[in-house]
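**Student:**
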Amino acid sequence: MKSSFIHLNDLPDEILIYILKKLNNIEVLYSLIGVNDRLNKIANDSIFTNHLILMKYLSNDSIYPLANSKLDRLCSKVLPLIHNKIEWLNIESSSIKRILLVTNYSNLHGIGLYNTNMKKFLSIFTDLHVLFKLVNRIEKGNEPIQKAFEKQIYDIGIDVVNRTSATANKDPKTYIEAIIEIYVRFFKVVKEAFDCEHGYMTALDRACGKFINDNAIVKEAQKSAKSAELLARYCDLILRKGNKIELGDIEEKINEIMIVFNYIQDKDIFQKFYGRLLAKRLVEQLSVSDDCEESLITKLRATCGFEYASKLQRMFQDIRLSTSLIKEYKTIKECKTIEEYKTNGEVDFSVMVLTSNSWPFTTPPIFNLPTELKPALDDFGAFYSKKFSGRQLKCLFQYSKGELQTLYTKPKYILQVSTYQMAVLLLFNEFENMTVQKMLDTTQITPESFAQVLVGLLKSKVLTCAEINPDTLNENLDESGIRPNSIIEISQNFRSNKIKINLIKPIGTSVQNPVDTKSIYKSIIEDRKIVIQAAIVRIMKARKQLKHTLLVQEVIQQLNSRFKPEIPMIKQCIDLLIEKEYLERNQKERDLFHYLA
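The numbering used here numbers the first residue of the sequence shown as 179 and each following residue consecutively.
1. I'd like to know whether the C-beta atoms of CYS386 and TYR361 end up nearer to each other than 8 Å.
2. Specify the secondary structure class of VAL461 as computed by DSSP and reduced to three states.
3. Where do the ends of the alpha helix (DSSP H) carrying GLN711 lie?
4. Spatial neighbours of SER284 within its chain, please: CB distance less than 6 Å, with the 5 preceding and 5 following residues excluded, ordered by chain position.
5. Using CA atoms only, rank isn't needed, just tell me which of ASN246, LEU267, ILE204 and ASP239 is closest to VAL256.
6. Taking only the alpha-carbon atoms, compute the straight-line gap between GLU704 and GLN711 and give it to the nearest angstrom.
7. For ILE432, tell me which candidate among GLU355, TYR507 and ASP446 has the shortest Cα-Cα distance.
8. Taking Cβ to Cβ, would you say VAL368 is nearer than 8 Å to LEU409?
9. Suppose you measure from the CA of LEU635 to the CA of LEU555; what does that come to, to the nearest Å?
10. Does the distance from the C-beta atom of LEU503 to that of VAL531 stay below 8 Å?
11. DSSP three-state call for GLU759: helix, strand or coil?
12. Taking buried to mean at least 16 other C-beta atoms within 10 Å of its own C-beta, is GLY453 buried or exposed?
13. With distances taken from CA atoms, which of LYS422, ILE660 and ASN652 is nearest ALA644?
14. Going by alpha carbons, who is nearest to GLU265 out of ASN663, HIS772, LEU754 and ASN282?
15. Going along the chain, which residues of its own chain have a beta-carbon closer than 8 Å to the beta-carbon of THR695, five neighbours each way excluded?
16. Counting C-beta neighbours from all protein chains within 10 Å, is the total for ASN320 16 or more, i.e. buried, or is it exposed?
17. One question on the structure: do GLU762 and LEU754 come within less than 8 Å of each other, judged by their Cβ atoms?
18. Only counting the same chain, and skipping five residues up and downstream in sequence, which positions put a Cβ closer than 8 Å to that of ARG459?
19. Of the choices LYS683, GLY335, ALA480 and SER536, whose alpha-carbon is the least far from that of GLY580?
20. Unbroken alpha helix (DSSP H) runs of length 4 or more, entirely within the region 412 to 475: which are they?
21. Looking at C-alpha atoms only, which residue of VAL715, PRO746, ILE756 and GLN750 is the closest neighbour of GLN736?
22. Is the separation between the beta-carbon of TYR507 and that of PHE558 shorter than 8 Å?
23. Pick from ILE708, ILE336, GLN570 and SER627: whose alpha carbon is nearest that of PHE389?
24. Are there 16 or more other CB atoms within 10 angstroms of the CB of ALA720, so buried, or fewer, so exposed?
25. In the structure shown, what three-state DSSP assignment does LYS678 receive?
26. Secondary structure at SER669, three-state DSSP: helix, strand or coil?
27. THR541 lies in the alpha helix (DSSP H); which residues open and close that run?
28. Could you spell out the range, first to last residue, of the alpha helix (DSSP H) harbouring LYS579?
29. Bridge partners of SER596, per DSSP?
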């Protein structure tokens with residue numbers, strides 16, 4: 179060994195350094211450190227110690243860790259001697275623990291990581307907090323780990339979420355809880371290993387945002403907002419009766435919902451779907467708890483502002499006011515001296531009075547209310563008109579329901595029915611049988627809804643028709659063999675194992691089945707146009723004049739918290755505002771707009 183360095187020792191330092199610079203730094207350090215004082219001094223020159231490449235390249239550009247024998251000598255003999263001179267390390271990821279833990283790199287300000295399989299990489303550190311403490315001392319030392327961490331979260335997240343694509347539409351629970359599971363798993367890593375450091379939280383947020391808003395389910399639906407819709411449906415599952423979740427656990431579920439909500443890009447679409455489903459729960463009294471409902475609305479308001487949650491809040495106010503109103507009405511009715519509120523009927527009547535612009539309900543269709551129900555409704559109408567002069571009541575019978583008792587059967591059954599079903603059944607108090615056409619003419623129910631009502635009552639065998647087999651019916655009356663002159667009658671032999679029987683079936687797009695997806699997305703497009711126009715007017719009113727590109731950027735920036743405006747829609751809204759004379763183009767610079775006061 180001594181003879182091999184005779185000629186090197188004879189060379190002047192300048193020539194020796196010139197020769198060694200042609201070699202790999204690691205080879206110089208590996209070979210010279212510890213040989214003698216002169217070579218130690220030369221090897222300690224910053225030329226060889228500032229930037230170390232602790233890995234090897236093959237001819238095909240693939241990268242491998244250093245051999246164990248070489249790495250052992252470097253870690254035990256070399257790196258501890260030059261640790262304060264090292265400013266940058268390029269490391270193959272499987273070697274990082276051995277290299278970083280061997281000494282304190284006081285002047286290290288950068289690490290290049292290669293072959294970074296995050297799963298394998300993280301498994302190297304039984305305590306990730308050790309890794310964080312090491313790299314946290316390095317300027318920008320966390321950046322490569324954060325990038326690898328973000329990629330690993332995304333890769334695992336997109337894989338797990340995509341595997342729910344077959345069932346997501348029918349079972350949003352699987353989809354949303356897969357997202358929550360990924361977030362919880364990696365948030366635990368960020369919290370316990372990385373002390374919730376901002377860069378790692380940002381990496382988690384970016385990765386979650388990407389796989390939530392762009393995945394196989396979203397692409398299959400051809401709607402970037404599909405995640406918002408599925409989250410709203412998941413909320414409905416959690417907040418409705420019969421969810422088999424302990425009441426004390428629902429608040430935790432609400433917190434998890436808000437985690438996903440914060441990543442949703444199209445929050446206006448969530449609002450629209452959630453509002454429809456909330457209306458259903460409130461009107462049908464299906465909410466598991468008013469406190470739980472209000473808790474979620476409060477969190478939505480805290481995240482998106484008062485305006486975002488205002489309609490949802492007004493729904494609750496309407497329900498409370500209705501409860502108070504019906505109590506007052508019944509108190510007055512019980513006062514026998516007030517003749518104007520007396521009726522001859524014995525109908526147990528309750529009502530919800532809802533503010534028309536706060537609820538997602540359609541205009542009521544024509545319907546002939548049964549005579550048995552009219553006195554109660556007229557009574558309440560008189561009471562309401564006297565209390566609130568100038569207000570107009572419109573009855574939404576398509577969303578109403580009630581109970582009937584069968585007096586012709588033993589035992590007597592209680593039938594829970596929609597108002598449309600009730601109208602059909604009450605016809606048979608007066609007639610033993612009726613043709614389909616006469617029933618339709620008498621009730622004035624729309625043909626589509628009437629078909630659903632009639633088929634439902636025939637299938638349940640409350641009504642009967644000699645011409646058909648009830649088990650083969652569908653909602654196309656012609657296909658089922660039911661004609662306008664078909665005779666319908668009450669089934670005198672009706673039997674059931676239950677005394678109280680629920681016959682209510684969703685009618686078209688009523689509150690029982692409120693989420694008509696196509697109509698919702700169509701209405702959202704129109705709503706967005708209004709919101710974009712309002713944003714443009716606000717911006718231009720403040721700025722007076724603005725170039726097209728800057729205006730588009732400001733609109734996107736203002737609305738990004740609610741939804742991501744599409745540039746073609748922004749352009750369309752600008753043109754509409756020019757037509758409405760809110761804006762005008764500069765005659766010389768066509769991309770410059772002026773606000774018209």
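No residue lacks a Cβ here, since even glycine has one placed at the ideal position from N, Cα and C.
**Tutor:** With the given structure in hand:
1. Here residue 386 refers to the residue found at position 208 when the sequence shown is read from its first residue. Here residue 361 refers to the residue found at position 183 when the sequence shown is read from its first residue. Yes, these two residues count as a Cβ contact at 8 Å.
2. Counting from 1 along the sequence shown, the entry for residue 461 is found at position 283. Helix, per DSSP.
3. By one-based count along the sequence shown, residue 711 stands at place 533. First-last of the alpha helix (DSSP H) with GLN711: 695 to 721.
4. For this step, residue 284 is matched to residue 106 along the sequence shown. Sequence-distant partners of SER284 (beyond 5 residues in either direction) whose C-beta falls short of 6 Å from its own C-beta, in its chain, are ASN262.
5. Within the sequence shown, the letter at position 78 stands for residue 256. That would be ILE204, whose Cα lies nearest to the Cα of VAL256.
6. Position 526 of the sequence shown holds residue 704. Position 533 of the sequence shown holds residue 711. The alpha-carbon atoms of GLU704 and GLN711 are separated by roughly 11 Å.
7. Reading the sequence shown from its first residue, position 254 is the one you call residue 432. Here the closest residue by C-alpha is GLU355.
8. Residue 368 sits at position 190 when you count from the first residue of the sequence shown. Residue 409 sits at position 231 when you count from the first residue of the sequence shown. The answer is no: Cβ separation not under 8 Å.
9. On the sequence shown, residue 635 is found 457 positions in, with the first residue counted as 1. On the sequence shown, residue 555 is found 377 positions in, with the first residue counted as 1. Looking at the two C-alpha atoms, the distance is approximately 25 Å.
10. Taking the first residue of the sequence shown as 1, we reach residue 503 at position 325. Taking the first residue of the sequence shown as 1, we reach residue 531 at position 353. In contact: LEU503 and VAL531 (Cβ atoms closer than 8 Å).
11. Counting from 1 along the sequence shown, the entry for residue 759 is found at position 581. In this structure, GLU759 counts as coil in the three-state DSSP scheme.
12. Translated into positions along the sequence shown, residue 453 becomes position 275. Classification of GLY453: buried, given that the 10 Å Cβ count is 16 or more.
13. For the purposes of this step, residue 644 is taken as residue 466 along the sequence shown, with counting starting at 1. It is ILE660.
14. By one-based count along the sequence shown, residue 265 stands at place 87. Of ASN663, HIS772, LEU754 and ASN282, the smallest CA-CA separation from GLU265 is found for ASN282.
15. Taking the first residue of the sequence shown as 1, we reach residue 695 at position 517. Answer for THR695: GLU407, listed in chain order.
16. Residue numbering aside, residue 320 sits at position 142 when the sequence shown is read from its first letter. ASN320 comes out buried.
17. If you number the sequence shown from 1, residue 762 lands on position 584. If you number the sequence shown from 1, residue 754 lands on position 576. Contact flag unset, no.
18. Translated into the one-based positions of the sequence shown, residue 459 becomes position 281. Contacts found: ASP414, LEU417, ARG418, SER465 and GLU471.
19. Along the sequence shown, one-based indexing puts residue 580 at 402. Residue LYS683 is the option with its Cα nearest to GLY580.
20. 425 to 441 and 445 to 461
21. The sequence position of residue 736 within the sequence shown is 558, counting from 1. Nearest C-alpha to GLN736: VAL715.
22. What you label residue 507 is simply residue 329 of the sequence shown in a count that begins at 1. What you label residue 558 is simply residue 380 of the sequence shown in a count that begins at 1. Yes.
23. Numbered from 1 along the sequence shown, position 211 holds the residue referred to as residue 389. The option with the nearest alpha carbon to PHE389 is ILE336.
24. Indexing the sequence shown from 1 puts residue 720 at position 542. The residue is exposed, with fewer than 16 neighbouring Cβ atoms inside 10 Å.
25. Residue mapping note: residue 678 aligns to position 500 of the sequence shown, counting from 1. The answer is strand: DSSP assigns LYS678 an E or B state.
26. Here residue 669 refers to the residue found at position 491 when the sequence shown is read from its first residue. Coil.
27. Numbered from 1 along the sequence shown, position 363 holds the residue referred to as residue 541. If you look at THR541, you'll find it isn't in any alpha helix (DSSP H); DSSP assigns it neither H nor E.
28. Here the question's residue 579 lines up with position 401 in the sequence shown. Where LYS579 is concerned, there is no enclosing alpha helix (DSSP H), although the beta strand (DSSP E) it sits in stretches over 579 to 583.
29. Within the sequence shown, the letter at position 418 stands for residue 596. Paired residues: LYS579.
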